[in-house]
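Protein chains in written order, with my numbering: chain L, 1 to 437; chain P, 1001 to 1480. Just so it is clear, CB atoms sit at the ideal spot from N, CA and C, and this is done for glycine as well.
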Amino acid sequence: MSSALHTYQREFHDNSTHLPGWNAWQIRRSRQAAMQRVMQTDLPTQKLENWKYTSTRRLSQTPYALYTGGCVGLYLEDLDPFLVDRQASHRLVFINGLLSRRLSCLDDLPNAVQVASMARIADESPAMLSPWLEPVLTGHDQGFAELNQALWLDGAFVHIPAGVQLIKPLQLLFLTTPFQEPIVTFPWNLVIVGKSAQALVIESYLTLGQGAHFSNARTTLVLEPQARLEHLLLLGESELAWHVGSVQATQKEGSRLDSRIFAAGGELTRQELQITLAGAEAECFQEGLFLAGRRQHMDLHSWLHHTCSNTRSRQLFKSVLDGHARGVFNGVIRIPPDLQNIQAEQKTANLLLTDTAEIDAKPQLEIHSDAVQCSHGATVGGMNPEAMFYLQSRGLDVDAARLLLIQGFADELLQTIKPAPVQEWLRQRLNQERNLP
Amino acid sequence: MNDTPAVASAMARSYKYGFVTPIESDTIPQGLDEEVIRLISFKKQEPEFMLEWRLAAYRLWLEMTEPNWSSVRYPPIDYQGISYYSAPVGNPGTVALEDVDPALLATYEKLGIPLDERLTLAGVAVDAVFDSVSVATTHQKKLAEMGILFCSMSEALQKHGALVHRYLGSVVPPEDNFFAALNAAVFSDGTFCYIPPGVRCPMELSTYFRINAARTGQFERTLIIADEYSQVGYLEGCSAPQRDRNQLHAAVVELIAMEGAEIAYSTVQNWYPGDAEGRGGIYNFVTKRGECRGDHSRISWTQVETGSAITWKYPSVILRGAGSSGRFHSVALTNHHQQADTGTKMIHIGPNTSSTILSKGISAGHGHNAYRGLVKVLPGASGARNHSQCDSLLLGEHCSAHTHPYLEVKNHSARVEHEATTSRISEDQLFYCRQRGLSNEEAVSLIVNGFCQEVLRELPMEFSVEARKLLAVSLEGSVG
């Protein structure tokens, strides 16, 4: 067993009674079962196919301390750069993984919309969580998600009832502040979008200052029939931070999910997206942009599972890699037997700026049904010298030309984001986080 | 196909090459240990270094575990239940053509491979491998005049030991993988070919592998060396009798291309695929790899895989020389319960290297077809270029197609592109063909042929015709 896991297990044993929902048997059982599974499989290593390109040695050998509370002393003004326009959004702010009621603002939420701390829901009405306690995936490569399931301390619980449209975006900000001892946070978010309801949820993981920490995040998205959810995930933690996250979404008939992910921060950032299209006419559109430099390691694993006929998906992932950065892309589209009329399309484009940067891309199709149209495309390349020449001949210097081309490459994913303040905020964040020339 | 009119006819057209030649053979008892290896080496009168090499490989193999990462599924192989050497009696090695047992010649005649040189109109030199040994090699004299060495591996070990010693295992070393180690330990024969500098081989060279004896495995080893600025085209064909038990075929092929040399290696693989219920058939677990050692050298692999119960191989190219290029063209067809996990590896090491991958997978019945490929660009491979295209065609509701490309790029001036599609035959195309008077089966055959056209035209003429026929036969009965 890895030494970090040993520490987490001890924490689990010693502090289990303080974990949210421990008094409710469903939650207690789910935590214990998850801990048991991860003890059996251990944390993932590079020997596993899905972790082949990602070294977890650091994560499995360094135990991070569990943050359980304490004064941080932040004012709302300190958060300004991390938040979308305050007037134009609802927000939940989590400092070091725990909800800060003082910094959050849910003033004008429509009636019946429930946005609350997961810890509170688990303690006060655990029955609401019970349908979502079973893991979507288990196995040797799911060690970190299991760890989250055993040890989650807080997160956002969002329930948009049937027919309700949330006009303003809902922002979930996870901000980690520097500590003497590197800490680990285990947020679990659950977003349920009811029948024909609609929402935009912005989930962001950021660091205040330059501390080292480890975020092990898990987000469960549930889309009821005809629901529409836009989910925007921003990963922009500090240069020393490690992030391992997973998003698990289940879509019922006629629902539509727009999932966008933007990653720029962290020393190691790994995000898994597991999406199941489980109802007819369900659609999923996924986009992702990764900007990495220095010695950053960025990793995106996407599983798209069509389990119902007449479903559609489209994916586009781009990465820009500079310095000694390493990018990993693994995208699987899986279609089981006996399904009809499925369209799945996946594209990944990767831009390498230096000879020391590396990309390992693995787009995969696993098709067991003949009535499908599936395709994937992957490209890897450097700056186009002709385009550089063109811009330079128009009077731009090398750096400006380079920047313009990179912006052009990335803009395909940024310009479709609405509403405008969110797009503007995201551009600012990426400009700040970006370590590109 | 669920919604096209049924043509559920002619399901089982039997495998044309499924006959057994009743010939007395010298088969050693089943089982594998150091004694067996000594015996094989002794029977082949090999030089001392070979025995040492084999034993070292065997010891390595003992410590290795059988790989299980692929998508193919098969019951565990009993390596002690295989006989590792079987030779027709009276054929201790290659002999003059006149001395070959007429029964053997008749067998090859029946397979459509005339060994009689007078009958060989097309300029193809053949090395015929029957079970564990090479029985005849044609046109040797004519080739020798140009300095080309073309003979069985046994003969090469006896006559050109130093040359073999220098190159054997330099591309696929025994420690490479489980089956390569097993092959290195027990390989019984194969083809050796050396093209001297500046020579263009005047005819296609070819090996025809035939498994005849029951409960044997075939382990052969092919080594082709094209010296500077030489050029050679090589063809490989194979077949086996129809049996209920699975037989293992674990070969190793090594290609070495020096500066400016060109090797074109084509395979039409037609091992017995098993019956419609998936009983029997050959396990084709082969390691094939070529190395472009010199600058501007070229290696191409073209394969048409229609046989075998399981095909599991990745013909690869190591692009070491500057400006060298590798190509991989493949058609893999799986019908009934056949499984295929095939693809290629292109390792770009030198600058300005280029590679092209074109893979066409066709699944029918309960067939399972997976493309697995690796394109690796190392930091030194500036200006490397790769384009991969993998298309899969699904015929039927129970078959499957997987695509697993791995792209690993460590150089920013490299350009790597991959594209893949999976779909079934479009109703419009079928309708169009049928409206013009073609039967459903003919229409599917025509469309499949069109789908594979880009690969088939890479094959030499005779093989191309053969491959087209094979595709049509293998698909028979799968439409309906």
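With 16 other Cβ atoms within 10 Å as the buried cut-off, status of residue i
{"i": "L/N148", "result": "buried"}
{"i": "P/G1365", "result": "buried"}
{"i": "P/A1122", "result": "Unreliable positioning characterises P/A1122 in this predicted model, as indicated by a pLDDT of 47, which lies under 50. A coordinate reading is not provided."}
{"i": "L/Q171", "result": "buried"}
{"i": "L/V93", "result": "buried"}
{"i": "L/D108", "result": "exposed"}
{"i": "P/R1118", "result": "The predicted position of P/R1118 is uncertain, since its pLDDT is 46 and thus under 50; no value can be drawn from it."}
{"i": "L/Q197", "result": "The sequence shown places Ala at residue 197 of chain L, rather than the Gln named in the question. Label assigned to L/A197: buried."}
{"i": "P/A1322", "result": "buried"}
{"i": "L/A241", "result": "buried"}
{"i": "L/Y390", "result": "exposed"}
{"i": "P/N1369", "result": "buried"}
{"i": "L/N460", "result": "Residue 460 of chain L is absent from the structure shown; chain L starts at 1 and stops at 437."}
{"i": "P/E1254", "result": "buried"}
{"i": "L/T17", "result": "exposed"}
{"i": "L/M298", "result": "buried"}
{"i": "P/Q1140", "result": "buried"}
Test: residue i CB closer than 7 Å to a CB of chain P
{"i": "L/I359", "result": "yes"}
{"i": "L/T379", "result": "yes"}
{"i": "L/L316", "result": "no"}
{"i": "L/H376", "result": "yes"}
Nearest-angstrom Cβ-Cβ length linking residue i and residue j, presumed shorter than 8 Å
{"i": "P/A1420", "j": "P/S1363", "result": "Between P/S1363 and P/A1420 the Cβ distance is about 14 Å, and since that is not below 8 Å, they are no contact."}
{"i": "L/K168", "j": "L/A227", "result": "Rounded, the Cβ-Cβ distance is 18 Å, inconsistent with contact."}
{"i": "L/S375", "j": "L/E345", "result": "6 Å"}
{"i": "P/Q1269", "j": "P/T1306", "result": "7 Å"}
{"i": "P/P980", "j": "P/N1177", "result": "Not covered by the structure: residue 980 of chain P. The range shown for chain P is 1001 to 1480."}
Interface flag, residue i vs chain L, CB-CB below 7 Å
{"i": "P/N1246", "result": "no"}
{"i": "P/S1025", "result": "no"}
{"i": "P/S1355", "result": "no"}
{"i": "P/E1063", "result": "no"}
{"i": "P/N1369", "result": "no"}
{"i": "P/K1410", "result": "yes"}
{"i": "P/L1333", "result": "no"}
{"i": "P/E1397", "result": "yes"}
{"i": "P/D1391", "result": "no"}
Chain-ordered neighbours of residue i on chain L, where CB pairs are closer than 8 Å
{"i": "P/A1511", "result": "Residue numbering for chain P in the displayed model covers 1001 to 1480; residue 1511 of chain P lies beyond these limits and cannot be assessed."}
{"i": "P/P1379", "result": "D355, T356"}
{"i": "P/L1488", "result": "Any question about residue 1488 of chain P goes unanswered here, given that chain P covers just 1001 to 1480."}
{"i": "P/A1414", "result": "L352, V380, G381, G382"}
{"i": "P/L1394", "result": "I367, S369, D370, V372"}
Contact set between residue i and chain P, taken where Cβ atoms lie within less than 9 Å
{"i": "L/P363", "result": "T1403, H1404, P1405, L1407, H1418, A1420"}
{"i": "L/E49", "result": "W1069"}
{"i": "L/L99", "result": "Under the 9 Å cutoff, chain P gives no residues; its nearest Cβ is about 42 Å from L/L99."}
Chain P residues whose Cβ lies nearer than 7 Å to that of residue i
{"i": "L/Q373", "result": "S1423"}
{"i": "L/H368", "result": "S1400"}
{"i": "L/D338", "result": "E1397"}
Contact set between residue i and chain P, taken where Cβ atoms lie within less than 8 Å
{"i": "L/D85", "result": "Ordered by position in chain P, no residue passes the 8 Å Cβ test against L/D85, which lies about 38 Å from the chain."}
Residue i beta carbon near the ligand FAD (any heavy atom closer than 6 Å)
{"i": "L/N96", "result": "As far as ligands go, the structure on display features none, and thus does not contain the ligand FAD."}
7 Å Cβ cutoff, residue i in contact with chain C
{"i": "P/I1349", "result": "Given the protein chain composition of this structure (L and P), no chain C is represented."}
With a threshold of 8 Å, are at least 3 pairs of Cβ atoms found where one atom belongs to the stretch 1337-1344 of chain P and the other to the stretch 1302-1313 of chain P?
Touching, yes.
Inspect the CB distances between the stretch 390-398 of chain L and the stretch 358-370 of chain L and report whether three or more fall short of 8 Å.
Segments in contact, no.
Counting pairs of beta carbons, one from the stretch 1169-1185 of chain P and one from the stretch 1040-1060 of chain P, are three or more of them closer than 8 Å?
A contact exists between the stretch 1169-1185 of chain P and the stretch 1040-1060 of chain P.
Should the stretch 1197-1208 of chain P be regarded as contacting the stretch 414-430 of chain L, the criterion being three or more beta carbon pairs within less than 8 Å?
The count of Cβ pairs closer than 8 Å, one atom from the stretch 1197-1208 of chain P and one from the stretch 414-430 of chain L, stays below three, leaving the stretches out of contact.
Under 8 Å: do the stretch 60-77 of chain L and the stretch 114-134 of chain L share three or more Cβ pairs, one atom per stretch?
The stretch 60-77 of chain L vs the stretch 114-134 of chain L: no contact.
Taking 8 Å as the cut-off, does the stretch 138-152 of chain L touch the stretch 36-45 of chain L (at least 3 CB pairs, one atom from each stretch)?
Because the criterion of three Cβ pairs below 8 Å is met, the stretch 36-45 of chain L and the stretch 138-152 of chain L touch.
Are the stretch 313-333 of chain L and the stretch 1354-1361 of chain P touching by the rule of at least three beta carbon pairs closer than 8 Å?
Short answer: they don't touch.
Count the C-beta pairs between the stretch 284-295 of chain L and the stretch 252-265 of chain L that are closer than 8 Å, then say yes if the count reaches three, no if not.
Per the Cβ contact rule, the stretch 284-295 of chain L is in contact with the stretch 252-265 of chain L (3 or more Cβ pairs under 8 Å).
So, does the stretch 1240-1254 of chain P touch the stretch 1279-1288 of chain P, judging by three or more C-beta pairs under 8 Å?
The stretch 1240-1254 of chain P vs the stretch 1279-1288 of chain P: in contact.
Pair every Cβ in the stretch 1371-1382 of chain P with every Cβ in the stretch 1402-1410 of chain P, then say whether three or more of these pairs are closer than 8 Å.
Yes: the two stretches touch, three or more of their Cβ pairs being nearer than 8 Å.
Should the stretch 230-238 of chain L be regarded as contacting the stretch 147-164 of chain L, the criterion being three or more beta carbon pairs within less than 8 Å?
Too few Cβ pairs lie closer than 8 Å, so no.
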